[in-house]
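S.K.:
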Amino acid sequence: MGQSLHDAVVIYNLFPRLVASLHLWVKHLDHIAGMGFNSIYLNPFQQTGNSRSLYAIKDYYRLNQEFLPEGSAQDDFSPISQFIRSCEDYGIDVYTDLVINHTANESVLLKQHPQWYKRDYNGNIVHPFAIDPANPSNVTVWGDLAELDFEHTSDLAGLLKYWDEVISFYQQLGFVGFRCDAAYKVPSMVFQTLISAAKKRNHRTLFFAETLGCTLDQVQHLNGCGFDYLFNSCKWWNFDSSWCLEQHEQFKHIAPSIGFPESHDTLRTTAEAPGSLNWHKNRYILAAVFSKGLLMPMGYETGAINKIDVVNSRPQDLQYGKWDVSEWIKAVNIFKLNNPLLCEEGKWRALWSFDSSVLFLLRESEDQKLKMGFLVNKDWYNPVSIPLNQLPSEIADFKYRINPFDDPFKRKKNDSELKLEPSEICLFVE
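The sequence shown lines up with residues 8 to 437 when you count with the numbering used here.
(1) Rounded to the nearest angstrom, what separates valine 115 and proline 121 at their Cα positions?
(2) Considering only DSSP beta bridges, list what methionine 379 is partnered with.
(3) Going by other Cβ atoms of all chains shown within 10 Å of its Cβ, with 16 needed for buried, is histidine 159 buried or exposed?
(4) What residues in its chain sit with their C-beta under 6 Å from that of aspartate 331, if we drop five residues either side in the sequence?
(5) Pull up the CB-CB distance for proline 268 and threonine 277, whole angstroms please, since I reckon it's below 8 Å.
(6) Is valine 339 close to chain C, meaning its C-beta is less than 9 Å from at least one C-beta of that chain?
(7) Rank Thr110, Asp422, Asp104, Ala295 by C-alpha distance to the C-alpha of glutamate 217 and give the top, closest one.
(8) Can you list, in chain order, the stretches of the alpha helix (DSSP H) that have 4 or more residues and sit fully within the region 74-151?
(9) Can you tell me which residues form a DSSP beta bridge with proline 304?
(10) Is the region 384-394 touching the region 425-432, taking contact as three or more C-beta pairs under 8 Å?
(11) Quick one: using the 10 Å Cβ neighbour count with 16 as the cut-off for buried, is arginine 186 buried or exposed?
(12) By the 10 Å Cβ neighbour count, where 16 or more other Cβ atoms means buried, how is glutamate 431 classified, buried or exposed?
(13) What is the C-beta distance between cysteine 241 and phenylalanine 182, in whole angstroms, given that I count them as a contact (C-beta under 8 Å)?
(14) In three-state DSSP terms, what is threonine 55?
(15) DSSP three-state call for alanine 357: helix, strand or coil?
(16) For the beta strand (DSSP E) holding serine 392, just list the boundary residues, first then last.
(17) According to DSSP, is glutamate 401 helix, strand or coil?
(18) Between glutamate 256 and aspartate 374, what straight-line distance do the alpha-carbon atoms span, to the nearest angstrom?
(19) Indicate whether glycine 266 and leucine 223 have their beta-carbon atoms separated by less than 9 Å.
(20) For phenylalanine 157 versus valine 197, is the C-beta distance shorter than 9 Å?
(21) Using 8 Å for Cβ pairs, my map puts asparagine 285 next to phenylalanine 412. What's the rounded Cβ distance?
(22) With burial defined as no fewer than 16 other Cβ atoms inside 10 Å of the residue's Cβ, what is the status of histidine 109: buried or exposed?
(23) Please work out which residues of its chain come closer than 8 Å, Cβ to Cβ, to asparagine 131, disregarding the five sequence neighbours upstream and downstream, and give them in chain order.
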């Protein structure tokens, strides 16, 4: 793994269904470390309910039989702790999901503690749902899940104690971070309590708030919970308006954020228009430079096409890739981790109108001592040329420019016309 001067997380999402047996996870460590990642995030690997969705967890203290060799005991977590120790040998931290707003319909908790669950007027279990902020009539209901009730349960102390013990158990296995699924659906007090207790056991433990599909007000309610990172929405930003920069500024007081070019909840970048290699690199560069943290899902480095699926993904899905950019990913990751400006949340400013065919941006450190410029070709299909005399003064003042699509460490003097290929991003540095 490339040596880092800073503490930003650069996370590789090792998706369990894409590897099959958890005993094979360790074979991927050379590859992951070789690309410069300092952290691994594992989606749920516990026993599931009947839907087989990784996020429909039946029992936190039993492993998913699908990931175990035949005859293995589901309550033997030693393969997990052994994997984490192997990661530590590479200098890699390991995180996993903490899904506390719901369980599988078949959860052992439903029988043991029925008072912990939300119910409708007829006494039936309530299933969690999400409303599309852009279209309130678009409601997604997860019928295989049962929603926990932190607000009206008659046994809140027992429910909190259970989750505190779960977190402690996974900390003892060696996990030093938890991605809190649908964090906005859990009352602030719950996370304040659980995060505080976890950090007392191990101050290095990180908590990441997943907020996909929530409203801006719901993100604000996470303030004061103790989260170390949020996940931002730069993956959906096409440089066409200011909304992404505004959200970055609005939420950075809560916690720094993590960008990602795609995730297990989105289509693969290769399946999105224009689907080109330049577009693939555009999305990764944006995620790498936009905020303090970065996450890349398994298969991005090989241009995987099949969408990650929490039920149906399989190792064979990784056989279908459009290209291998592993070495390029390594260069970008090392560039980020050794650039102090890119290892803090910082602040952004647009220097040109969003209506133009290109966009100039400026990124500055909070103390304004560090800065970096950006030029984005917003035409995904055609090249563009920019005369030197049309550069904004803030960009013209930079001494060097970098073409990160080729080599993020190669500097050229900033003294000639700029020519950008489709979707290309150019960097400007002191």
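Glycine included, C-beta positions come from ideal geometry on N, C-alpha and C.
M.R.: Based on what the coordinates show:
(1) As a working note, residue 115 is residue 108 in the sequence shown. As a working note, residue 121 is residue 114 in the sequence shown. Spanning the two alpha carbons is a distance of roughly 10 Å.
(2) Position 372 of the sequence shown, counted from the first residue, corresponds to residue 379. The bridge partners DSSP lists for methionine 379 are Arg370.
(3) Within the sequence shown, residue 159 is the residue found at index 152, counting from 1. So histidine 159 counts as exposed.
(4) On the sequence shown, residue 331 is found 324 positions in, with the first residue counted as 1. Counting only Cβ-Cβ distances below 6 Å, and skipping sequence neighbours, we find Thr309.
(5) Along the sequence shown, read from residue 1 onward, the residue named residue 268 stands at position 261. Along the sequence shown, read from residue 1 onward, the residue named residue 277 stands at position 270. Contact flag wrong, Cβ pair sits at about 11 Å.
(6) The question asks about chain C, but that chain is absent: this structure has only one protein chain.
(7) Locating residue 217 in the sequence shown gives position 210, counting from the first residue. Taking only the C-alpha atoms, the option nearest glutamate 217 is Asp104.
(8) 85-96, 115-119
(9) Here the question's residue 304 lines up with position 297 in the sequence shown. DSSP output for proline 304 lists Asn20 as bridge partner(s).
(10) The region 384-394 vs the region 425-432: in contact.
(11) To locate residue 186, count along the sequence shown from 1; it is residue 179. That one is buried.
(12) Taking the sequence shown and counting its residues from 1, one reaches residue 431 at position 424. Counting Cβ neighbours within 10 Å, glutamate 431 comes out buried, since at least 16 surround it.
(13) To locate residue 241, count along the sequence shown from 1; it is residue 234. To locate residue 182, count along the sequence shown from 1; it is residue 175. Contact flag wrong, Cβ pair sits at about 27 Å.
(14) Here residue 55 refers to the residue found at position 48 of the sequence shown. Threonine 55 falls in the strand class under three-state DSSP.
(15) Against the sequence shown, residue 357 aligns to sequence position 350. The answer is strand: DSSP assigns alanine 357 an E or B state.
(16) Counted from its first residue, the sequence shown places residue 392 at position 385. Run containing serine 392: 391-393, per the beta strand (DSSP E) assignment.
(17) Walking along the sequence shown from the start, residue 401 turns up at place 394. Helix at glutamate 401.
(18) Taking the sequence shown and counting its residues from 1, one reaches residue 256 at position 249. Taking the sequence shown and counting its residues from 1, one reaches residue 374 at position 367. Each residue's Cα considered, the two are about 15 Å apart.
(19) As a working mapping, residue 266 is identified with position 259 in the sequence shown. As a working mapping, residue 223 is identified with position 216 in the sequence shown. Not closer than 9 Å, so no.
(20) The residue you call residue 157 lines up with position 150 of the sequence shown. The residue you call residue 197 lines up with position 190 of the sequence shown. The Cβ atoms of phenylalanine 157 and valine 197 lie closer than 9 Å to each other.
(21) Along the sequence shown, read from residue 1 onward, the residue named residue 285 stands at position 278. Along the sequence shown, read from residue 1 onward, the residue named residue 412 stands at position 405. About 7 Å; that satisfies the 8 Å criterion.
(22) The residue given as residue 109 occupies position 102 in the sequence shown. Label assigned to histidine 109: buried.
(23) Start at 1 with the first residue of the sequence shown, and residue 131 comes out as number 124. For asparagine 131, where only same-chain residues beyond five positions count, there are no Cβ hits under 8 Å.
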